Amino acid sequence: MLIHGTKLARVLSTVDLVSLGVGSCVGTGMYVVSGLVAKEMAGPGVIVSFIIAAVASILSGVCYAEFGVRVPKTTGSAYTYSYVTVGECVAFFIGWNLILEYLIGTAAGASALSSMADSLANKSISTFMTTHIGTLNGLGKGEQSYPDLLALLIAVIVTVIVALGVKNSVGFNNVLNVINLMVWVFMMVAGLFFVNGHNWDDGRFLPFGWSGVMQGAATCFYAFIGFDIIATTGEEAKSPNTSIPYAITVSLITCLTAYVSVSVILTLMVPYTEIDADAPLMEMFAVHGCYFAKYIVAVGSVAGLSVSLLGSLFPMPRVIYAMAGDGLLFRFLAHVSPYTETPAVACVVSGCLAALLSLLVSLRDLIEMMSIGTLLAYTLVSVCVLLLRYQPESDIHGFVNFLSEEQSNKKKEGVLAECEKEVCSPISEVDDYGGPQTNTCGAKNLPSLGDNEMLIGKPDKTTYTASHPNYGTVDMGSGIESEESEGGMSWRLKKLIGPRYYTMRIRLGLPGKMDRPTPATGKTVTVCVLLLFLVVFIFNSFVIFGEETSLWWALLLLIFLVISMALLIVIILQQPENPKRLPYMAPAVPWVPAAAMLVNSYLMLKLSAITWIRFAVWCFLGILIYFGYGMWNSTLEIRSREQEVHASTYQRYDGHHAGVDDGFSGFSVDDDLYPPSNNDPWAAPDGVDGSGLVPPKADDDDWTDPKGGAKRALAEEDPVDF
């Protein structure tokens, strides 16, 4: 963003990031979602549902991983990604909706822990609250909704842990993950003694058919939401370029393994009709009379849900910090504590709001509001990856650089100094198309500037400002140009079909290796991506809301929409891709981002109407904040006004210099700053102007310092320093 440097401590290792990602997903997914989907939607087919949901999550995960490398300063996650790609306004609403999701996730996690404690206490907590305090019928669906003081206390405690410092909170997270892992191993081993293969016999594996499996997959997808917490740690990870994509991949695979294994044991131990939807893993041992195992699993449930709660609260203040630092939210929220090196004010404010929600709103209402903002953020990240892959270098260089000018110059000067010590043979950046030249040592040394400070690949030492309609930091200058590198998709396809590979490229009109994107091709891709998103949305709407109709025109329309999507993707493929390679890039672009858009928009449309209404109300509140405060106080707006002031100052000077009276009459750059009278004690000495320099003679092109200083050539274009 526009904040130079980072105030946050870089203390998170790759293991810490994997722990954050796994912990934020696996708690609710393993202890809540698995039993709910198995009992009410898919039966033992929940195993397939989790696999389908994992594939859908990986599609978004690889896009997140590329953006984590492309924009390593990602305190605000998808907010930062959208800020650098599609602009400030859209980014605000993405960040605003992420705040909503994290608020709800934190409140729901606290409520879930409170409900589990109430279950272990045989409902004595809820009975006491209802009897002595009363109910909140107006805020919850159920008549037995009560002020959940225990959930409030849990949310406050976790807020304090997060505010104490990222290393402390991650250490707490790692301890809980170890406990959760030990309980998972116990469930796998102990559960083998109670499995019954007949639970899968006689059509019981898919009792609700494939329709139930797909419905279950839509619900199981929510169990994978949380890996994006890894992307919010770009300013606190030690090596974000390598650790972020690795951590996202490992966390998703780990979660899938945990979900599938638990679902296998659960459905083999208990018939799906007898599963307890509220506490499935605890009660599956109680069914067989193994009560000590129930309480061991209860310890794991508390640990897992606590980590999920931490996973929701951890990224929320960092999104607020990023938005406040850019002036889109109140700037006091960007304050970083000098003691804990965390956005302490944002932590306290967001934690208090989440605690208030957990106190007043029932768990069922909170769950219904989940995921819509997160799915929207996932979709936008996929769109951004697709757009940036096909933009020309000139457009990408118009984005804002994260480095301050002083830091940038020092870093680059150090690299250039190293280059001067070596014998560097100039090579062409692109051998066959006559691009700008660089040298071998420059290519070797530039990546060593640090994972968090990847410089834009330009030969000069320029720090960029917001001079482009889209703004942000996009590193396209590191890495190696290798469109068909070994192991890539093109290389694999060429090995598979042999010489026909080149014939296929020619017939499809695919660009050659030496083709480079232009503003025209970049605009073509932008239009195609927008149309693709619109067509995907219409297609999913027909599939979801018109699946029961069998009208011939509806079928023809679906076929037309499918053909339209395929044609748009082919048109995108025909445009040249930016040749720069990053340490990690999403595979199979544009197919993977397009598939992520398709799946995510489908899941968004599967949400209930009341969720969309609540989402609209939250967005309206965001509109008031953005147009009432953020738009006028953002860093970009302030800089734009400063540039206008400077431009108007020079314009007034130019107008006067041309003989136009603009209020500065009697003053000229060529005039002495001192009155001509020698009687004035403040007048300059004879022959010396107000700057202390001897005016040049008619045939002299230099100013001469009377104190013996060096000469300086007089240039009419030199700016005046007021």
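Just so we're aligned, residue 463 is where the sequence shown starts under the numbering used here, counting upward by one. The C-beta atom is built at its ideal place from N, Cα and C for all residues, glycine as well. Remember, it's a predicted structure, so these values are computed and weren't measured experimentally.
Sub-8 Å separation of residue i and residue j beta-carbons
| i | j | result |
| --- | --- | --- |
| Leu838 | Asn559 | yes |
| Tyr840 | Phe512 | no |
| Ala625 | Ala748 | no |
| Ser1026 | Lys700 | no |
| Gly762 | Asn642 | yes |
| Cys846 | Ser519 | no |
| Leu612 | Ile587 | yes |
| Ser725 | Val508 | yes |
| Leu849 | Phe554 | no |
| Cys682 | Val499 | yes |
| Gly1008 | Asp738 | no |
| Val823 | Ala1071 | no |
| Ala679 | Ile514 | yes |
| Tyr801 | Gln1037 | no |
| Ser581 | Asp610 | no |
| Leu1067 | Leu1030 | no |
| Ile834 | Thr980 | no |
| Leu459 | Gly505 | This structure gives no information on residue 459, because the portion of the chain shown stretches from 463 to 1184. |
| Thr593 | Val810 | no |
Residue i versus residue j: straight-line alpha-carbon distance, rounded
| i | j | result |
| --- | --- | --- |
| Tyr541 | Ser522 | 15 Å |
| Ser812 | Leu1035 | 43 Å |
| Val657 | Pro733 | 10 Å |
| Ala1109 | Ala796 | 31 Å |
| Asp478 | Asn636 | 7 Å |
| Phe1001 | Thr1111 | 54 Å |
| Ser1102 | Phe529 | 27 Å |
| Ser1096 | Tyr564 | 23 Å |
| Leu654 | Leu728 | 10 Å |
| Ile710 | Tyr757 | 32 Å |
| Val1107 | Ile1100 | 11 Å |
| Ser481 | Gln1105 | 45 Å |
| Lys985 | Leu1019 | 28 Å |
| Phe754 | Val1061 | 42 Å |
| Glu736 | Ala583 | 22 Å |
| Met831 | Phe1082 | 16 Å |
| Met591 | Leu821 | 12 Å |
| Phe1089 | Glu745 | 51 Å |
| Ser723 | Ala816 | 32 Å |
| Ala741 | Tyr493 | 7 Å |
| Val524 | Ile595 | 49 Å |
| Ala1050 | Phe794 | 43 Å |
| Ile566 | Pro973 | 46 Å |
| Gly751 | Met650 | 17 Å |
| Gly1092 | Tyr783 | 14 Å |
| Phe776 | Gly489 | 15 Å |
| Ala982 | Cys551 | 24 Å |
| Asn703 | Asn1040 | 19 Å |
| Pro1052 | Ala1028 | 11 Å |
Per-residue DSSP class, three states only, for residue i
| i | result |
| --- | --- |
| Ala569 | helix |
| Leu837 | helix |
| Ala741 | coil |
| Asn612 | Reading off the sequence shown, one finds Leu at residue 612, where the question assumed Asn. Helix, per DSSP. |
| Ala583 | coil |
| Leu1017 | helix |
| Ala1048 | coil |
| Leu668 | coil |
| Leu474 | strand |
| Pro973 | coil |
| Leu482 | helix |
Min CB distance residue i to chain B below 8 Å
| i | result |
| --- | --- |
| Val1061 | The structure shown contains no chain B, having only a single protein chain. |
Rounded distance between the beta-carbons of residue j and residue i, thought under 8 Å
| i | j | result |
| --- | --- | --- |
| Val495 | Ala685 | 4 Å |
| Leu1044 | Arg532 | 6 Å |
| Ile1190 | Leu842 | Since the first and last residues shown for the chain are 463 and 1184, residue 1190 lies out of range. |
| Met785 | Phe670 | With 8 Å as the limit, Met785 and Phe670 do not qualify as a contact, their Cβ atoms being about 43 Å apart. |
| Cys814 | Gly688 | Rounded, the Cβ-Cβ distance is 22 Å, inconsistent with contact. |
| Gly571 | Leu818 | At roughly 15 Å, the Cβ-Cβ gap does not stay under 8 Å, so Gly571 and Leu818 are not in contact. |
### Message
Across the segment 763 to 783 and the segment 659 to 676, are there enough close Cβ pairs to call them in contact, namely three or more that are closer than 8 Å?
### Response
No contact exists between the segment 763 to 783 and the segment 659 to 676.
### Query
How do the segment 989 to 998 and the segment 1049 to 1064 stand: do at least 3 beta-carbon pairs fall below 8 Å, yes or no?
With the cut-off at 8 Å, the segment 989 to 998 and the segment 1049 to 1064 touch.
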